[in-house]
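Notes to accompany the following structure.
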Amino acid sequence: MFETEVHQLSPASLTLTLNTRYFIPAPAAYNASKLLDMPPPRVSRALGPTKSMEEEEVHVLVTGYGPFLEAYPINSSWSVASNLPSVLPTTATHPTQIRVHVHPSPIRVSWSAVREIVPKLHAQNYDIMLHIGLAAGRTYFTMERLAYRDRFDQKTDVDGAKIPAEEVEKLWEGVPTTLRPTFRCDDVWRRWKSLLADPTMEIRPSDDPGNYLCGFIYYSSLAYCFMKGEEAERPIMFMHVPDLQTESQIKSGVDVAIALIRALVESMKGNREGEGDDQAPDPVKMGEYPETWATDQVRDFA
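Its first residue numbered 13, the sequence shown is counted upward by one per residue in my numbering.
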């Protein structure tokens with residue numbers, strides 16, 4: 013196990029600064045009240061962009077999951093999320109400073125925990141929300157382009173509980189069974205790929221976030237935005253990471269996540285400045301990736 017040192021933790025802004033040594037946390041227990049204890053960052057706007065992104069910082073909330081299954085006592089999603097830097101500073105090619113707010117605890121792989129935490133997450137003031145989860149059956153990273161509502165009653169969580177289909181339907185009554193974020197996902201994927209420090213790193217778009225807690229938190233976040241109005245912004249993204257076991261693999265995962273966060277911010281900024289990609293060529297037709305990539309099903313995930 014690697015060691016971590018917390019240099020700064022501001023209750024008002026949840027700015028978490030870690031040292032440069034990557035670690036794999038192994039929380040022994042969870043406290044539901046701690047999961048709900050999330051002071052807001054120092055901003056005064058609702059979820060979604062308002063002012064010019066060059067005029068002020070962009071605030072991004074990142075979440076990760078805790079252990080699940082005996083085979084995965086360490087969840088790589090939390091190993092990545094908890095090691096993200098608190099600030100992505102401006103550069104010559106990235107004029108927008110990004111403040112990264114990592115949720116202070118890994119989210120328990122539990123239907124009830126996710127149901128409780130999602131409204132609390134959305135009560136805070138962030139421009140973008142990035143959920144991260146583990147897809148251990150994959151060997152690559154994916155950005156999920158949509159989420160489904162009706163496939164969650166088949167799986168048992170870490171507490172041995174299931175969530176009935178009728179309960180999910182009642183919870184999100186009137187919400188479409190399939191939801192997408194309002195990001196231009198093809199544009200995000202292209203930017204993400206271009207920002208990778210290692211061009212050999214495999215990243216893919218995906219249309220299957222799974223029917224376990226990863227898919228559930230993604231759909232729940234998107235649905236929460238949708239219920240504010242069909243035209244409301246849904247600046248939510250989900251990234252699946254493979255099982256990352258070594259310090260080097262976790263560092264690579266952090267780099268991939270940073271590239272995705274920058275891609276999301278820059279794509280949102282481009283969209284607001286009229287750089288719409290409605291006429292952009294389809295990446296599948298352009299041979300940028302095969303159509304089968306988007307439909308590769310998740311196996312072990314959370």
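By construction, the Cβ of each residue, glycine as well, lies at the ideal position given by its N, Cα and C atoms.
Measuring alpha carbon to alpha carbon, tell me which of the options ends up nearest residue i.
{"i": "M251", "options": "M155, W123 and P101", "result": "M155"}
{"i": "T258", "options": "G78, S91, V74 and S279", "result": "S91"}
{"i": "F228", "options": "V112, I144 and T105", "result": "I144"}
{"i": "R163", "options": "P101, Y224, A209 and E128", "result": "Y224"}
{"i": "H113", "options": "P217, R202 and Y138", "result": "Y138"}
{"i": "W204", "options": "I86, M280 and P101", "result": "M280"}
{"i": "I215", "options": "S94, A135 and F153", "result": "F153"}
{"i": "Y77", "options": "G265, K240, S122 and E243", "result": "S122"}
{"i": "V72", "options": "S89, P85 and H115", "result": "H115"}
{"i": "A209", "options": "M141, L96, A271 and P79", "result": "A271"}
{"i": "V187", "options": "E243, K132 and E68", "result": "E243"}
{"i": "V200", "options": "T75, R274 and I86", "result": "R274"}
{"i": "P211", "options": "T189, R202 and Y230", "result": "R202"}
{"i": "P373", "options": "G222, D165, A93 and R127", "result": "Outside the shown range of the chain (13 to 314) lies residue 373, about which nothing can therefore be said."}
{"i": "T189", "options": "G241, S232, I175 and V74", "result": "S232"}
{"i": "Y236", "options": "P193, V74, R157 and L96", "result": "P193"}
{"i": "C226", "options": "T75, E68, V70 and E69", "result": "T75"}
{"i": "L158", "options": "L191, E278 and L207", "result": "L191"}
How far does the beta strand (DSSP E) with residue i in it extend, from its first residue to its last?
{"i": "L142", "result": "I140 to L146"}
{"i": "R111", "result": "I110 to V114"}
{"i": "E69", "result": "Neither: E69 is in no beta strand (DSSP E) and is coded neither H nor E."}
{"i": "F164", "result": "That residue, F164, is in no beta strand (DSSP E); it is neither H nor E in DSSP."}
{"i": "E156", "result": "F153 to E156"}
If you count every other CB in all the chains shown that lies within 10 Å of the CB of residue i, and 16 or more means buried, which is it?
{"i": "D198", "result": "buried"}
{"i": "R196", "result": "buried"}
{"i": "K326", "result": "Only positions 13 to 314 of the chain appear in the structure, and residue 326 is not among them; the question remains open."}
{"i": "L234", "result": "buried"}
{"i": "I129", "result": "buried"}
{"i": "L183", "result": "exposed"}
{"i": "L256", "result": "buried"}
{"i": "E178", "result": "exposed"}
{"i": "S124", "result": "exposed"}
{"i": "A83", "result": "exposed"}
{"i": "G265", "result": "buried"}
{"i": "A269", "result": "buried"}
Starting from residue i, trace the alpha helix (DSSP H) both ways and give me its first and last residue.
{"i": "V130", "result": "W123 to H134"}
{"i": "V92", "result": "S88 to A93"}
Which runs of the beta strand (DSSP E) fall wholly inside the segment 182 to 255 and span at least 3 residues, in chain order?
215 to 218 and 248 to 253
Say whether the segment 97 to 111 touches the segment 147 to 154, bearing in mind that this needs 3 or more beta-carbon pairs closer than 8 Å, one atom from each stretch.
no
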